[in-house]
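Taking UniProt numbering, the leading residue of the sequence shown gets 1, the next gets one more, and so forth.
Positions of the beta carbon are idealized from the N, C-alpha and C atoms, including for glycine.
Quick notes on the structure that follows.
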Amino acid sequence: MGILASIFTWWNGATLGTSIFTRRHGREVGRDEAGNVYFEHRKDPNRRWVIYNGSNDASRAPPQWQSWLRGQLGDVPDKSLPPARKFQKPGLPNLSGSDGTYRPAGSLSRGGKRPAATGDYQAWTPD
């Protein structure tokens, strides 16, 4: 099912058409720590795209490469941005719908128990 999946599904990675277009018209400009590969068009460097290492999810690309993809940076991030600072954490992909989703206290997925009311709330009652 590997070749059929690459022909018909775009959410599992690059399709066959994207791979052919990239090979014919793309020039690789860099890779990030997640294994995503970034390209620009050989004739028009303003056309930029990414081939994700895994599923296609824009949150998997780091912010500096997102800036490059959108044309905010003229050169690749390694050359145009200062080095990362000690306090900066690596980016995380979108965790919605997974086990890593943020669940605040009182949500149904954490047991649905809310903290007790403090007594400063007066419920409205009709006259």
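Checklist entry - By DSSP, does residue 130 sit in helix, in strand, or in coil? => result What is shown of the chain runs 1 to 127, which leaves residue 130 out entirely.
Checklist entry - To which residues of the same chain is alanine 14 closer than 6 Å at the C-beta, ignoring the five residues directly before and after it? => result Ile51
Next on the checklist: Could you tell me the alpha carbon to alpha carbon distance between aspartate 78 and arginine 31, rounded to whole angstroms?
Outcome noted: 10 Å
Checklist entry - Considering tryptophan 65, what are the terminal residues of the beta strand (DSSP E) in which it resides? => result Unbroken run through tryptophan 65 is the alpha helix (DSSP H), 63 to 69; no beta strand (DSSP E).
Item to check | Beta-carbon spacing of alanine 61, asparagine 36 below 7 Å | outcome: yes
Checklist entry - According to DSSP, is arginine 48 helix, strand or coil? => result strand
Item to check | Limits of the unbroken alpha helix (DSSP H) element including lysine 79 | outcome: 77 to 80
Next on the checklist: Could you give the first and the last residue of the continuous beta strand (DSSP E) run that contains tyrosine 102?
Outcome noted: Segment: none, tyrosine 102 is in no beta strand (DSSP E) and carries neither H nor E.
Checklist entry - Sorted by chain position, which residues of the same chain lie with C-beta nearer than 8 Å to leucine 108's C-beta, five sequence neighbours on each side aside? => result none
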